[in-house]
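First up is the structure itself, then whatever we jot down about it.
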Amino acid sequence: MITMVPKAELHCHLEGAASPDLVRKLAARHAVTLPAETFDADGNFAWDDFLHFLKVYDIASSVIRTPEDYRDVTYQYLMDCAAEGAIYVEVMSSPDHAAAVGMSYTDHLEGIAAGIEDARSESGIEGRIIVTCVRHLGPERGVEVARQVVANPHKLVTGFGMGGDENAFEPRDFAPAFGIVHATGLPCTVHAGEVAGAQSVRAALEALPVQRLGHGVRAMEDPELVRELADRGIVLEVCPGSNIATGVYGSYSDHPLLELRAAGCRITLNSDDPPYFDTTIGREYDRASAVFGFDDASLREVTLTAIEAAFVDEETRENLRQKVVA
Ligand code: ADE
Ligand code: ZN
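Heads up, the sequence shown is in the working numbering, so the first residue is -10 and it goes up one at a time.
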């Protein structure tokens, strides 16, 4: 069952959206042999904890080598989302992953933009790009990515963010990178409160000019911080399937989504890295219904929250809103 409530996704890593089949196809395209242990016996990605996941993710991403590859990954992911009723998707791109295989910032962007345009003409889905840096690669690389964003303005690049290992470095180390981008008016988000606790969320909010948080769920460990998130209207890009898969929570009954929502936090539903976590945006909506008890009106509200928080121009936001309330 995939509920046909219109959906919006604010948090999906593009490299992490490539299915195992597509990764194998791209490996064949470039005559690359991936380590056998990249996949399990069923052909799915094989990893056993969060840091191992990041490693396997890097290995699998290394077959995305040309603008055409990026176009194909983007196109397939957006078309899959559209088939599940998504009307809007923000993809996180990672110039560092592109650079690791010798691709320039502008080439990787061109490929992603082509995938977004092709998917829009075929399905009507809107897409935007959040360029992200990788926390464990360090602040200097973050500044380099930020400079590339600013030096190459692109109509589909509408935000900046950071993923990677939340336990590496401190948010304030990345204030220069975020400052470079934010000074041009681009809005920002950052992963915080996923694999580290409330203090990590607090540090991110204090140091970085963000209006959304990737995950943010472990803010729940500090009631005062939860109140602050609610008061400031910080939008949480919640990824329940991801949190269960990576072991942040042992079961859905331990997941704080409902408590955060009850405390007045603005909640969205997201897939993060769909094939790694055996999820999709549609399955996240279905699970919110089956596990968290959301009815269709509540799911529409989730989509409206995502649209209010989307990094888009006001005309697009209004068009998207109309598709949800219609
Ligand atoms: N990069 C890709 N997926 C990620 C996640 N779930 N957390 C942090 N960085 C990531
Ligand atoms: Zn993420």
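Where a beta carbon is used, it is the ideal one built from N, C-alpha and C, also for glycine.
Start-to-end residues for the alpha helix (DSSP H) that takes in residue i
i           : result
residue 81  : From DSSP, residue 81 is part of no alpha helix (DSSP H) but of the beta strand (DSSP E) over 75 to 82.
residue 233 : 229 to 234
residue 168 : 164 to 171
residue 289 : 285 to 298
residue 349 : Not covered by the structure: residue 349. The range shown for the chain is -10 to 315.
residue 175 : Premise fails: residue 175 is in no alpha helix (DSSP H) and is neither H nor E.
Secondary structure of residue i, DSSP reduced to three states
i           : result
residue 109 : helix
residue 35  : coil
residue 301 : coil
residue 101 : helix
residue 28  : strand
residue 195 : helix
residue 218 : helix
residue 202 : strand
residue 159 : coil
residue 149 : strand
residue 22  : coil
residue -8  : coil
residue 243 : helix
residue 262 : coil
residue 210 : helix
residue 185 : coil
residue 0   : strand
residue 224 : strand
residue 144 : coil
residue 386 : Nothing about residue 386 can be read from this structure; the chain reaches only from -10 to 315.
residue 336 : Outside the modelled stretch of the chain, which goes from -10 to 315, sits residue 336, for which no answer is possible.
residue 154 : coil
residue 238 : coil
residue 252 : coil
residue 17  : helix
residue 85  : helix
residue 314 : helix
residue 90  : coil
residue 96  : helix
residue 10  : helix
Host beta strand (DSSP E) of residue i (start-end)
i           : result
residue 131 : Residue 131 -> not in any beta strand (DSSP E); alpha helix (DSSP H) instead, spanning 128 to 140.
residue 70  : Unbroken run through residue 70 is the alpha helix (DSSP H), 56 to 72; no beta strand (DSSP E).
residue 120 : 115 to 123
residue 255 : 255 to 258
Of the listed residues the options, nearest to residue i (C-alpha basis)
i           : options            : result
residue 20  : 76, 12, 226        : 12
residue 276 : 254, 305, 300, 231 : 231
residue 120 : 296, 1, -7         : 1
residue 8   : 299, 264, 296      : 264
residue 196 : 138, 27, 310, 168  : 168
residue 224 : 88, 298, 123       : 298
residue 301 : 117, 239, 172      : 117
residue 94  : 61, 138, 129, 123  : 138
residue 45  : 26, 212, 61        : 26
residue 123 : 141, 163, 243, 140 : 163
residue 273 : 60, 56, 73         : 73
residue 71  : 314, 307, 283, 270 : 270
Inter-residue CB distance, residue i and residue j (contact presumed, cutoff 8 Å)
i           : j           : result
residue 182 : residue 204 : 5 Å
residue 198 : residue 177 : 6 Å
residue 76  : residue 114 : 6 Å
residue 268 : residue -3  : That belief does not hold up - the Cβ atoms of residue 268 and residue -3 are roughly 16 Å apart, past 8 Å.
residue 131 : residue 166 : 4 Å
residue 305 : residue -1  : Incorrect: roughly 14 Å between the Cβ atoms, too far for contact.
residue 179 : residue 135 : Contact flag wrong, Cβ pair sits at about 13 Å.
residue 249 : residue 226 : At roughly 12 Å, the Cβ-Cβ gap does not stay under 8 Å, so residue 249 and residue 226 are not in contact.
residue 50  : residue 4   : 4 Å
residue 97  : residue 87  : 4 Å
6 Å CB neighbourhood of residue i in its chain, flanking five on each side removed
i           : result
residue 185 : 155, 156
residue 39  : 184, 235
residue 161 : 196
residue -6  : 285, 288, 289
residue 107 : 64
residue 82  : 3, 101, 118, 120
residue 262 : 2, 5
Contacts around residue i, its chain only, beta-carbon distance under 7 Å, and the 5 residues preceding and following it disregarded
i           : result
residue 15  : 52, 53, 58
residue 375 : The chain is shown only over -10 to 315; residue 375 falls outside these bounds and no answer can be derived.
residue 159 : 192
residue 24  : 48
residue 208 : 182, 187, 190, 214, 215, 218
residue -10 : 275
residue 222 : 255
residue 29  : 35
residue 312 : -5, 76
Residues near residue i by beta carbon distance below 8 Å, same chain, minus five either side
i           : result
residue 126 : 85, 153
residue 33  : 9, 264, 267
residue 241 : 229, 233, 276, 280, 281
residue 309 : -3, 76, 77, 115, 296, 299, 301
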